[in-house]
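K.L.:
Take the sequence shown: its position 856, counting from 1, is numbered 857 in the working numbering, and each next residue is one higher. Don't be surprised by glycine CBs; every beta carbon is placed ideally from N, CA and C. First the structure, then my questions, so here it is.
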Amino acid sequence: MCKELPPKLYEEICGLFYNKVIQDCRYYTYNETLEEAQYDFIEPQAEWGLEISFLPGMIDNVGNTAKQIIIEYLIGKGYIDISACLVFETRTQMQIPAPRTPITIQVRSSKLILGKGGLPTEDDIKQEFNPITEYCTLICKNYSWRYYGKHKKFTQYQSVKKDAKSVDLNVSDQELEKISRDGIDGNGTLGLSLAAMKAIKDYFKKLGRNPYDIELESLAQTWSEHCKHNIFCSPIDEIKDGLYAHYIKRATREINSDICVSVFSDNAGGIIFDDDYLIVDKVETHNSPSALDPFGGAMTGVLGVNRDIVGFGKGAEPIMNTYYFCFAKEAKGKFYRDKERTDEILPPKYIMKEVIHGVNVAGNCCGIPTQLGSVYFDDRFCGKPLVFVGSVGIIPRNINNAPSHIKGPKNGDKIVIIGGRVGRDGIHGATFSSEALSGNSPSTIVQIGDPITQKKLSNAVIKARELGLYNAITDNGAGGLSSSIGEMGKDGFEVDLSKVLLKNDGMAPWEIWISESQERMTLAVPEENLPMFKQIMKKHDVEACVIGEFNESGKAVIKCPEGKVIMDMETEFLHDGNPKVHLQTKPWSKEPAVIPAHNTVNQETELKEMLSRPNICSKELIVVQYDHEVQGSSILKPLQGKGRMCSEAIVSRPVLSSNKGVVKSQGFGSSYGEIDTYHMAACAIDTAIRNYVAAGGNINHLALLDNFCWCDAYNPERLWQLKRAAEACYDFTTAFKTPFISGKDSMFNDFKGYDENGEKVMISAPPSLLISAIGVIDNIENAVSLDVKMPGDLIYVLGTTHDELGRSEYQLYSGIDNNNVPKVDAKSARKLYERYNQAIKDGIIASAIAPNLGGLIIALAKSLIAGDLGAEIDLSLVPIGKTQNTDIINKIIMFSESQSRILVTIAPQNQQRFEALFEDAAYSCIGKVTEKKVLNIKDVLKVNLKDLGNSYYIAKVT
Numbered sequence: 002m003c004k005e006l007p008p009k010l011y012e013e014i015c016g017l018f019y020n021k022v023i024q025d026c027r028y029y030t031y032n033e034t035l036e037e038a039q040y041d042f043i044e045p046q047a048e049w050g051l052e053i054s055f056l057p058g059m060i061d062n063v064g065n066t067a068k069q070i071i072i073e074y075l076i077g078k079g080y081i082d083i084s085a086c087l088v089f090e091t092r093t094q095m096q097i098p099a100p101r102t103p104i105t106i107q108v109r110s111s112k113l114i115l116g117k118g119g120l121p122t123e124d125d126i127k128q129e130f131n132p133i134t135e136y137c138t139l140i141c142k143n144y145s146w147r148y149y150g151k152h153k154k155f156t157q158y159q160s161v162k163k164d165a166k167s168v169d170l171n172v173s174d175q176e177l178e179k180i181s182r183d184g185i186d187g188n189g190t191l192g193l194s195l196a197a198m199k200a201i202k203d204y205f206k207k208l209g210r211n212p213y214d215i216e217l218e219s220l221a222q223t224w225s226e227h228c229k230h231n232i233f234c235s236p237i238d239e240i241k242d243g244l245y246a247h248y249i250k251r252a253t254r255e256i257n258s259d260i261c262v263s264v265f266s267d268n269a270g271g272i273i274f275d276d277d278y279l280i281v282d283k284v285e286t287h288n289s290p291s292a293l294d295p296f297g298g299a300m301t302g303v304l305g306v307n308r309d310i311v312g313f314g315k316g317a318e319p320i321m322n323t324y325y326f327c328f329a330k331e332a333k334g335k336f337y338r339d340k341e342r343t344d345e346i347l348p349p350k351y352i353m354k355e356v357i358h359g360v361n362v363a364g365n366c367c368g369i370p371t372q373l374g375s376v377y378f379d380d381r382f383c384g385k386p387l388v389f390v391g392s393v394g395i396i397p398r399n400i401n402n403a404p405s406h407i408k409g410p411k412n413g414d415k416i417v418i419i420g421g422r423v424g425r426d427g428i429h430g431a432t433f434s435s436e437a438l439s440g441n442s443p444s445t446i447v448q449i450g451d452p453i454t455q456k457k458l459s460n461a462v463i464k465a466r467e468l469g470l471y472n473a474i475t476d477n478g479a480g481g482l483s484s485s486i487g488e489m490g491k492d493g494f495e496v497d498l499s500k501v502l503l504k505n506d507g508m509a510p511w512e513i514w515i516s517e518s519q520e521r522m523t524l525a526v527p528e529e530n531l532p533m534f535k536q537i538m539k540k541h542d543v544e545a546c547v548i549g550e551f552n553e554s555g556k557a558v559i560k561c562p563e564g565k566v567i568m569d570m571e572t573e574f575l576h577d578g579n580p581k582v583h584l585q586t587k588p589w590s591k592e593p594a595v596i597p598a599h600n601t602v603n604q605e606t607e608l609k610e611m612l613s614r615p616n617i618c619s620k621e622l623i624v625v626q627y628d629h630e631v632q633g634s635s636i637l638k639p640l641q642g643k644g645r646m647c648s649e650a651i652v653s654r655p656v657l658s659s660n661k662g663v664v665k666s667q668g669f670g671s672s673y674g675e676i677d678t679y680h681m682a683a684c685a686i687d688t689a690i691r692n693y694v695a696a697g698g699n700i701n702h703l704a705l706l707d708n709f710c711w712c713d714a715y716n717p718e719r720l721w722q723l724k725r726a727a728e729a730c731y732d733f734t735t736a737f738k739t740p741f742i743s744g745k746d747s748m749f750n751d752f753k754g755y756d757e758n759g760e761k762v763m764i765s766a767p768p769s770l771l772i773s774a775i776g777v778i779d780n781i782e783n784a785v786s787l788d789v790k791m792p793g794d795l796i797y798v799l800g801t802t803h804d805e806l807g808r809s810e811y812q813l814y815s816g817i818d819n820n821n822v823p824k825v826d827a828k829s830a831r832k833l834y835e836r837y838n839q840a841i842k843d844g845i846i847a848s849a850i851a852p853n854l855g856g857l858i859i860a861l862a863k864s865l866i867a868g869d870l871g872a873e874i875d876l877s878l879v880p881i882g883k884t885q886n887t888d889i890i891n892k893i894i895m896f897s898e899s900q901s902r903i904l905v906t907i908a909p910q911n912q913q914r915f916e917a918l919f920e921d922a923a924y925s926c927i928g929k930v931t932e933k934k935v936l937n938i939k940d941v942l943k944v945n946l947k948d949l950g951n952s953y954y955i956a957k958v959t
């Protein structure tokens, strides 16, 4: 706080931040730097404390909000004359001229952890904070202080004027590679290949000049793997048009579904919801940022994908968030980014905790329900976690008598930037995401989002959309202004960087151009609409600035503050000048790792231990951190039944006056890829579809999204695995008649560094594919939850169980010698799902769950735990495919992860109708639900439901 305020006012200000009935509050005087103040805040029962604060330059949302509350309170009390307020903001302070003397307000937030007993070790402290974005102070009763992290005091960036710099590319190939690797003057990697650098060199040679740094940075961003998807789009083996065009886009084109409205051409994919609305969906990954700063990386991932929804067409409204996390439980030793072993990677538990927290803050503070999510564990994710974040939105099909999904800037439209200001956060995010994590990974890529600013921005956009004030909109994602303006202005544009609002002084032109500072959108606004547009932005407290104009010159032109032209190139070269590289593959040759055998006493113990495995046990601790009820649309929820079982699919009601609902589900493929990525991808597709269908989704009103996360993607064997997975995407989506509408790929999920002995190591995340399904249920009253409902209900298995334990959760648990991975028969599965849809419409399904990880017995146990009821089962009645492993037949029936199966319960009176529907399909009645809370499997085991529940719930995922 500041010295100029009367002492009594301190107490009043403190009163703004706590509840006097249930909380205590103390305030203290700090020195000018807010550092090392000798204050005793340790409670009597505490002996030490850890204070965790943001480093200078990091956004402190809590501190900024508190500062705004204080300022408004002081204005209301008359300590500040609002008519005389001229606000000057720097990174950590605000100076406001008052009628008599200036008042300086400094606010920052810290997290305080109190403890007793022995002091925490350095390893303990590392679990609590991230030295890239935070510093930690250990405080003892004798006021001894110890710092951990990179900085010990707040410092301000010096405002040094920086101009655009000409870069000489008339150098050797080795020098070109060095410029790309280290960046211009060591400012961070460009991530360009030698072929790309030579293409740039030749282009500017024809122009008779050297490029400016901003031109090189813009090309590096535009041509990055993250933005251009070079690997997915390049010729590969005999496929001249690349994997993306040949397998993903071609599948959608050949399916030619009449529900598709906008696919692969916008910030998100859009399908028909009903006669009046479209639903749109997008899933992104934020893996690299989350490895360095899991809180900020995950938060900005959510906020970024929300802006993808806002940037769809003329502007959609986010109605739901989703997530899928891939974490390591532990790291097999200590790993460092640098050879000197001073920069250790973050502990897996810390990454998990902060990723979960980041998604929480982003969604909850924006008022967007987080309704679907899951977590998968594999220790190979210790180098880079996979953080998939998705968002669903809704938009009227027509706005102002024009299709809402059609947009584009017109000649003369003004380039308008709205939302947050531009800073140094997020520089080189696009190029950094295109490489393995290493000691060269810059901390400047780290960003922390501001959900409150984004919520205001989103509301303002929707209002401006209703009034038809702009012709096009997109978000400032990877690459910032370079990306958004570059993509919107393919016909030409001119920008004056002196018009851009900044939060840091002294930024170089290239930094302004490629910064990925959050909460920003770019719009094309006709000049005559600017006054009304600015008025709406002001009303919603959203900053807006006009920085240029779209034109039809075919040129990308940028002027610096002095009016000097520092970028002048053809937009055709900017977007299409990147040289294509013909990729070659080589069949994957490695045998799957042998898993040590694990002998258990009996099958009851096996079942309990399987239920407690990290990939199977309850994720309720994570789910409850996310508000899924905000907006009031949740129908089928993320926790279902009396037992609060985590669900694999949800149903939402976006239009409250309609009985139609949106169904959302996911299918993840990773483990099976150790044997064959083709079948891994097929299983991910079938998993997403059967989860969707089981909940009641219409198989004929369904679309998919693909998110590939690969590793070491220049390796010919890894490329072969990628090609196999992409081929499966084509084969099975065309067979299921489920088009792709959007997708994303992340190709370098590797960590390159050093172990505790200083030896080089490379940790690659396993090849992974997330398939997301989105579609419609015609009547939300037909939505089916997974919990069994009534004693006496009959239990059926739809589909055939095969001898397929390869890379299953049971094999990973037991070490059983069986490498048969599940395979999908899409033709019979599609037929089964269509009949199941009819059973849903007829209202004869009481409960349903799609067996996933752990197989049929795990699905049954989950359904019983959810319904708090028991069952009597006869495994000999389960439909089984041919197998030579008759000696382990019960293991196969219980734990095989065969695809295309649904476990359902029906009321006895519906048995005849149900069996008539599935007359020539594979199905069987295998038992019934009982009031006695016991799972009784004939001749196999008998176990109390409470014991099963304890195994499922007590296991910890954090």
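1) Can you check DSSP and say which residues form a bridge with Gln-641?
2) In angstroms, rounded to a whole number, what distance separates the CA positions of Asn-780 and Gly-662?
3) Note down the Cα distance separating Ile-60 from Thr-66, rounded to an integer number of angstroms.
4) What number of angstroms, rounded off, separates the C-alpha of Leu-865 from the C-alpha of Val-789?
5) Quick one, are the C-beta atoms of Cys-327 and Pro-386 less than 9 Å apart?
6) Classify Ile-14 as buried or exposed, calling it buried when 16 or more other Cβ atoms lie within 10 Å of its own Cβ.
7) Can we say the stretch 256-273 touches the stretch 231-244, given the rule of at least three CB pairs closer than 8 Å?
8) Out of curiosity, what's the CA-to-CA distance linking Asn-399 and Ser-405?
9) Once the 5 residues before and after Ala-766 are set aside, which same chain residues still bring their CB inside 6 Å of it?
10) Based on the DSSP secondary-structure assignment, which residues constitute the bridge partners of Ser-392?
11) Return the CA-CA distance between Ser-485 and Leu-524, expressed in angstroms with no decimal places.
12) Between the beta-carbon of Val-393 and the beta-carbon of Pro-452, is there less than 9 Å?
13) With three or more C-beta pairs closer than 8 Å as the rule, is the stretch 328-344 touching the stretch 469-488?
14) Under DSSP, the alpha helix (DSSP H) around Arg-521 begins and ends at which residues?
15) Just to confirm my understanding: we take Thr-801, look at its own chain, exclude 5 residues before and 5 after, and list those with CB closer than 6 Å. What are they?
16) Give the straight-line distance between the Cα atoms of Ile-70 and Asn-322, rounded to the nearest whole angstrom.
17) Buried or exposed: where does Ala-38 fall if 16 or more other Cβ atoms within 10 Å of its Cβ makes it buried?
18) Taking only three categories from DSSP, how would you classify Glu-36?
19) For the stretch 579-597 against the stretch 339-348, do three or more pairs of beta-carbon atoms, one drawn from each stretch, fall closer than 8 Å, so that the two count as touching?
20) What separation, rounded to the nearest whole angstrom, lies between the Cα atoms of Ile-894 and Ile-903?
21) Could you tell me the distance, in whole angstroms, from the CA atom of Tyr-837 to the CA atom of Ser-747?
22) Does the structure place the stretch 694-709 close enough to the stretch 204-224 that three or more beta carbon pairs sit under 8 Å?
23) Hey, is Ile-396's beta-carbon within less than 9 Å of any beta-carbon in chain D?
24) What is the DSSP secondary structure of Trp-514, reduced to helix, strand or coil?
25) When we look at the beta-carbon of His-702 and count the other beta-carbons within 10 Å, is it buried (16 or more) or exposed?
26) Does DSSP put Asn-945 in a helix, a strand or coil?
27) Any contact between the stretch 332-343 and the stretch 294-309? By contact I mean 3 or more CB pairs, one from each, below 8 Å.
28) Is Ala-252 closer than 9 Å to Phe-709 when the C-beta atoms are compared?
29) Closest to Ser-899 by C-alpha separation, out of Ile-53, Leu-217, Pro-823, would be which residue?
30) With 16 as the cutoff for other CB atoms within 10 Å, does Arg-614 come out buried or exposed?
31) Using only alpha-carbon positions, find the residue among Leu-612, Phe-733, Val-311, Ser-666 that is nearest to Met-681.
32) Which term fits Gln-667, buried or exposed, when burial requires 16 or more other beta carbons within 10 angstroms of its beta carbon?
33) Quick one, which of Trp-511, Leu-608, Gly-642, His-599 has its alpha-carbon nearest Val-566's?
34) Rank Met-300, Ile-845, Asn-579, Asp-888 by C-alpha distance to the C-alpha of Ala-197 and give the top, closest one.
35) By the three-class DSSP mapping on this structure, what secondary structure does Gln-24 have?
36) Since Ile-419 and Arg-521 should fall inside the 8 Å C-beta cutoff, what is the C-beta to C-beta distance between them, to a whole number of angstroms?
P.N.:
Checking against the coordinates, here is how it stands:
1) Met-646
2) 7 Å
3) 11 Å
4) For Leu-865 and Val-789, the gap between their C-alpha atoms comes out near 6 Å.
5) Closer than 9 Å, so yes.
6) buried
7) no
8) 5 Å
9) Within the same chain, Ala-766 has close Cβ partners Arg-381, Phe-382, Lys-385, Cys-712, Asn-750.
10) Lys-283, Asn-322
11) 9 Å
12) no
13) The stretch 469-488 is not in contact with the stretch 328-344.
14) Careful: Arg-521 lies outside any alpha helix (DSSP H), inside the beta strand (DSSP E) at 521-526.
15) Pro-880, Gly-882, Ala-923
16) 29 Å
17) Residue confidence is low: Ala-38 scores 45 on pLDDT, short of 50, so the model does not pin down where it sits. Its coordinate-derived value is still stated next. Ala-38 should be labelled exposed.
18) Low per-residue confidence applies at Glu-36: pLDDT is 48, beneath 50, and the placement is therefore not dependable, though the value from the model is reported in the following sentence. Coil.
19) No, they do not touch.
20) 14 Å
21) 35 Å
22) Not touching, per the Cβ criterion.
23) Structure shown: chain D not included; a single protein chain is present.
24) helix
25) Buried.
26) Strand.
27) no
28) no
29) Pro-823
30) buried
31) Phe-733
32) Around the beta carbon of Gln-667, 16 or more other beta carbons lie within 10 angstroms, which makes this residue buried.
33) Trp-511
34) Taking only the C-alpha atoms, the option nearest Ala-197 is Asn-579.
35) If DSSP states are grouped into helix, strand and coil, Gln-24 belongs with coil.
36) 7 Å
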